[in-house]
Each structure stands twice: as C-alpha cells, then as structure tokens.
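Student:
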Amino acid sequence: MSESDLKTGIMTSGPATLDSSTQDGRLELAAAGYWTADNAGKLERLVDRAARMRRPPKQVAIDLRAIKRMDTYGAWLVERLQRAFSERGCETTFVGMQETYSALMEELSHIQRTPARTPRDAHGLLRALDLVGRATVEAMRSLLLLVNMLGSLVAAIFRVLIRPQTFRFTSMVFHLERVGWRAVPIILLITFLIGAIVAQQGIFHFRRFGADVFVIDLIGVLVLRELGVLIVCIMVAGRSGSSYTAELGSMKMREEVDALQTMGFDPVEVLVLPRILALLIAVPTLTFLGSMSALYGGGLVCWLYGGIEPDVFLARLRDAISFTHFQVGMIKAPFMALIIGLVAANEGMLVKGSAQSLGQQTTSSVVKSIFLVIVVDGVFAIVFASLGM
Amino acid sequence: MMAEEAKEVVIEVRDLTVGFGRVTILDSVALDVFRGEVLGFVGGSGAGKSVLLRTIIGLIKKRAGRISVLGVDMGKAGERMRRRVERRWGVLFQQGALFSSLTVRQNVQFPMREYLDLSDRLLDEIAVAKLAMVGLSADVCEKFPSELSGGMIKRVALARALALDPEIVFLDEPTSGLDPISAADFDQLIRTLQQTLGLTVFMVTHDLDTLNTVCDRIAVLADRKIIAAGPMSTMLASEHPWLRSYFHGKRARAISQSG
C-alpha cells in the first residue's frame, strides 16, 4: 500500500467491514468499504458469522450506503447474507443500494445457490469392485479394438495389393528412416552393453566350477533366441511406438483424421499402414544388428576379462549355436513389430480432446506393447519348444 | 456520452514498434482506451491486430515505445507491479485456451485459487455465478472442455477471463466461428456484462455486426499504424480507401443502409 500505488490508480482495495446493530426490534447490518475479491475470504467469515446469529429479529435491513466498491464477490456475499436471513423467515431489505451495483445484484439474485457436484459413491468396497469391473470391461474392449485394428490393417493391405499405386511409399521410407536408420546407434550401443554384461556375469560365476567356456554357449543361445529381439522391441516400443501414438493422437485431436476420412481416404491405409510396414522392416533388421552387436560385446569381454581368445570364442560359438537359434530370434521379430505398431496405432486413435488424454494413451501404448511383446515371447517359447526348435 | 477529456485513459499505447526479425509489424502505434468503453479493433488479416493485443498483455516483446495499463508503465514496472496489473485484466483467447485436463468448474476457479484465499464453498458459488453470468447453467460444471461446443467454450473462456472481476477484458475475435445467432447472443452478453460490471473491453474483431452493435469506438490498423479511431459514424464518413472498402464493401452494405 505504498504511495506509488495510490498514484497509479490500481490501488482499488482497502478494508471492508460488516457491522450489526439492533434498533427497535430491527437488525441493521451495515456493509462498508471495499467488498471486492481481495477481501472475499475475510468477508465470507463476517457474513457467515452474522448469518448464524441466534434468534434474529423479524426484520433485517442490509445497509449498502457505505460501500465504496463492490464486485461480483462482494455482491454475491451480500446476496448470500440476504438469502440466509430470508431462509430463516426474516423480512430482509436492502437500504441505500447504489445505482452502479443494482444491475449486478439483480443478476446474482437469479442464481440458484447449490452448485451441482456429481455425487460420489462413498462405500469403499463397492468402489473397489466397481473399479475392478470397469477395468475388466476396459481390458476386454481394448483387446477387441486391437483385433479390429488388425482387421482394418489387413483390409488396407488387400486394397493396396489390388491397387499398388495407392501405396504411400514415400511415407513408409520416411518412417523407416525414423524408426530404423536413426535407431541403429542406440540399439547397437545397448545390445553391445547387454552382451558384455551377460558375458561378464557368466564368466564370473562359471569360473568357480571351471566351466568358463560354456559362457560362449550362454551368450550365443541367449542373445540369438531371446535377448536380441526383446531388447530391440523394448527400445522400439519406447522410442517409436510412443511417437506413433503421440503423432496419431494429436492428428486425431486436431480433427486431421476426420478430415482424411471425409476426403474419402482410409486413415488406416494412409497413416497406419506405412508406419507399421516401416516397423515390420526395421525391427527384424535392428534385431539382426543388435544380436551381432551383443555377440561382439560378449566376445570382447570373454577375451579381455575371461582370457578366451577370439578364435577359441568363434570356434566354440560355431559348435554351440545352430541356424535354428538364429531363426527362432528372427522369426519372432516381425510379429513383435506388428504388435508394437498395432498397439501404438490403436492407442493413438483412442486419444480424446484433452492434452492429458494424449499423455495417458502414449504411456499406455508403451506399457501395453512391452507387456504384449513379453507375453507373446512366452507363447513363442512354448511353440518352439513343442516344435523342437 | 461524456466528453473525451473527462474520460480516464486505462490503456495508453505510445510510439509502439513491434517486429519479428527484419519485418516490422507495428510502427510507432499510438492508441488510447478509455474506462468503461468497448473498443473494437479492426484491420486486415495479418495486419497485426493480435500482435498489438499480445504486446499489450505482455506475450510479445516490444522493440520501442511505451504501454501503460491502469496508469502503470508496463515496460518499467517491476515483477510485482506487473502481476498486480495482470490481476486486473482478463483475456479471452481466440480458441478459448481452456485447460483441457481441467473441468469447466476448475477452469473458472483456476485464477481464483491462484490469487485468492477462499473457502471451497465460496469458490463453487462464485464459479456457478460466473457461469450463469455468461449464460451457462450449473450442469456444465463437471464437463471437460472437449465435451463442449465452440460457443460454450467461448462462454466458459469468458467466464474464466472474468473470474477475478477484472477491470479490463481483452477479447481476441470473440465471435469468430460462431453462427450469427450465437454471435449476436455473445455480443449482447458482452454488452450486458460490460454494463453490469463496468468493464473496459478491448476487442479484436472482424464482425461488422459486433462493431455496429457493441462497440463505442473503433480503431483501425492498416499499414502498420492506427489509421483511424472513433465511433462508427466516423468510420462510415471516412474517405480512406481501406476504410471505404471495409465499411462500404458488399458485406457492410446492410449496416450502412441501416445506420
């Protein structure tokens, strides 16, 4: 409340009061000062205290003459005061209503008091059951939507096969560069490190019973069958699946998807198909590169840490692994790519209008695709075991 | 209408120059907005109307000049002073700019929670009151912005702009994207609110009906300058070629005939 404030004229606030006095059986409430937003907290307490008065007289007069300034907050509190006394059967009148504020008071007098809040179910157990039920239905629904997306994708593939000129080749190459080529350095680095770590752990533990050399079997089988493809899929789901969902989601938010549809394009064919095809090419390639990088990392650690010469490593590796191990890993890769792509596209199409929903669907895209990749990996393990691969 | 000398200037823009890179958008612009008036601000698409609005509210940096709002020189004022002035204005953005992750009630209460220390009950009541003032019922309270129509979004955004009972309201094309009936309703609403709350309204608009029915004065931006400012009659009488084509064009004929 410095002098400069007063000079500039933005100082429009000061104290606000509400005094009550009784005169010949009539309650007089004198409101004075600045009934504005800044004083609203204090004024609410004053108003509520006045309204709680025990056995109020039949007649109440609210005197507004001394009000210097009033805004919606002050006007509403005056209105609340008036209503509180009216509800208790008092005859309430305003005294000295200033011309400036009469329109505002008139406007507020029409507003119904109780704001409609959605009722919440209070019972904890029922709520928990309700949540479980909703989650189950939601899970079933999202599975159905995933199947639906797969169906639309297959339909789009057939349409493109019939009329190959409609295929968006440029778009696919563009996405292939983003999800494939640009992912190469990080994939190589991570798989190299994983291979090295597995080798180090293997040597450390196998050395105790002199089975150092079996580390090479461990690395070879583990990397080619499982680790290569899993690490790549987890990386791709986090890196590309999330960006697919965010892209498609924001297109959905800004009605770009609807625009495509009205122009007679199938969004799945235009947006989803090139993306998923790019993944179908990128993931197996990255799996191959990642597996090689992991073997290289493992071999390097065997040599530097375990003292196994590279030619011994290679000779042993040739004995330990067969083409089948390599096949098992590579067969899985395109299926994983399909899962990541389908989940990402599906979640993207589920984005609603809000920024929050975009974030939610992107998270759920990554979580779901990693989860499904691991589940499907388990199913593959069973299938390959029964096939004797 | 009072004589111009008697009116208090709430927004004073002097020699304002704004540009991006090598392009100059506004060149030594001068503009006064008086207390309690509705100023309509027009100009061709891309002429820099929104730039001026955004510069006044501090979203775009100026190159030169002075902007005073409520007597405070915004360029020289400290952080605290600026905050206090910002509390006294409300802004309605073109697309509404409602927070999409908050409900309508939370959107309207957002500035109140930030600046005022009020009970939940009072917050709820004021939010309902503000929504009622912009013509919305309490039913929309728990809806999210994505569930609202374009007109409702503008109304909720206006309610949010009015949340702290500002003295000045900036409206960026309030009626764009609304059908003529909703636009006319919105015009009426702005007029009513301006009268009930004693607002000063700075409105960027293209809507000739709005200019005709709501605005006390009109300021015109062309060639990087304010080329005219005054009531509708001044605009219609002006001989400036841009003004002639704007106010006497095909779309304006109905107005000049009636007015």
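Top line first, the protein sequences correspond to chains Z and H. Quick note, the first sequence lines up with residues 1 to 389 if you use my numbering. Quick note, the second sequence lines up with residues 1001 to 1259 if you use my numbering. Just so it is clear, CB atoms sit at the ideal spot from N, CA and C, and this is done for glycine as well.
1) Determine the chain Z residues that contact I1168/H at a beta-carbon separation under 9 Å, and present them in chain order.
2) Would you mind sorting Y305/Z into buried or exposed? The rule is 16 or more other CB atoms within 10 Å of its CB.
3) For L1164/H, which of helix, strand or coil comes out of DSSP?
4) Unbroken alpha helix (DSSP H) runs of length 4 or more, entirely within the segment 230-255 of chain Z: which are they?
5) Could you give the C-beta distance for R275/Z and A345/Z, rounded to a whole number, given that I count them as a contact under 8 Å?
6) Taking only beta-carbon positions, decide if Q23/Z is within less than 8 Å of chain H.
7) Cβ atoms of I1025/H and V1018/H: under 8 Å apart, would you say?
8) Could you tell me whether the Cβ atoms of E44/Z and L77/Z are closer together than 8 Å?
9) Rounded C-beta distance between S250/Z and L358/Z? I'm assuming under 8 Å.
10) Mind listing which residues of the segment 65-87 of chain Z have their C-beta closer than 7 Å to chain H's C-betas, in chain order?
11) Quick one: what does DSSP say E1012/H is sitting in, helix, strand or coil?
12) Considering W1242/H, what are the terminal residues of the alpha helix (DSSP H) in which it resides?
13) Going by other Cβ atoms of all chains shown within 10 Å of its Cβ, with 16 needed for buried, is Q1195/H buried or exposed?
14) Exposed or buried, which one is P1111/H when buried takes at least 16 other CB atoms within 10 Å?
15) Following the continuous alpha helix (DSSP H) through K332/Z, name the residue where it begins and the one where it ends.
16) Please classify S386/Z as buried or exposed, where buried requires at least 16 other C-beta atoms within 10 Å of its C-beta.
17) Between the segment 1124-1135 of chain H and chain Z, which residues of the former have CB atoms less than 8 Å from a CB of the latter, in chain order?
18) Can you tell me the Cα-Cα spacing of N1107/H and R1155/H, whole angstroms?
19) Using only alpha-carbon positions, find the residue among S354/Z, D266/Z, L27/Z, Q112/Z that is nearest to R159/Z.
20) For R69/Z, which residues does DSSP report across the bridge?
21) So, for M97/Z: in the same chain, excluding its five sequence neighbours on each side, which residues have a beta-carbon less than 7 Å away from its beta-carbon?
22) Hey, out of E28/Z, A40/Z, G353/Z, A61/Z, whose CA is closest to K252/Z's CA?
23) If you compare alpha carbons, which of M1235/H, R1244/H, S1238/H, I1226/H is closest to V1013/H?
24) Could you compute how far the alpha carbon of T1205/H sits from the alpha carbon of G290/Z?
25) Three Cβ pairs or more, each shorter than 8 Å: is that satisfied between the segment 1040-1059 of chain H and the segment 1073-1092 of chain H?
26) Out of I308/Z, L230/Z, S369/Z, which has the shortest C-alpha to C-alpha gap to T328/Z?
27) Residues in its own chain within less than 7 Å of K7/Z by CB, not counting five upstream and five downstream?
28) Quick one: what's got a C-beta closer than 7 Å to G228/Z's C-beta in the same chain, skipping five residues either side?
29) Taking only beta-carbon positions, decide if G1198/H is within less than 8 Å of chain Z.
30) Across which residues does DSSP place I1226/H in a beta bridge pair?
31) With DSSP run on the structure shown, which of helix, strand or coil describes A1097/H?
32) Please confirm if Q356/Z has its CB atom under 8 Å from at least one CB of chain H.
33) Grab the span of the beta strand (DSSP E) containing V1042/H for me, first residue to last.
34) So which of A333/Z, T324/Z, S171/Z, I62/Z has the shortest CA-CA distance to V272/Z?
35) Taking CB distances under 8 Å as the criterion, tell me whether G353/Z reaches chain H.
36) In chain order, what residues of the same chain lie with their CB nearer than 6 Å to the CB of A30/Z, ignoring the 5 residues before and after it?
Tutor: In short:
1) What I1168/H touches in chain Z: nothing, since even the nearest Cβ is about 11 Å away.
2) exposed
3) coil
4) 242-253
5) 7 Å
6) no
7) yes
8) yes
9) 6 Å
10) D71, T72, Y73, W76
11) strand
12) 1241-1247
13) exposed
14) buried
15) 323-349
16) exposed
17) D1124, E1125, I1126, A1127, V1128, A1129, K1130, A1132, M1133
18) 12 Å
19) D266/Z
20) Y34/Z
21) L64, M105
22) G353/Z
23) I1226/H
24) 59 Å
25) yes
26) In the sequence on display, residue 328/Z carries Val and not Thr. Ranking the options by Cα distance to V328/Z, first place goes to L230/Z.
27) For K7/Z, the predicted model reports a pLDDT of 39, less than 50, meaning its position is unreliable and no value from the coordinates is stated.
28) T191, T287, G290, S291, A294, G329
29) yes
30) L1221/H
31) coil
32) yes
33) 1038-1043
34) S171/Z
35) yes
36) D19, D63
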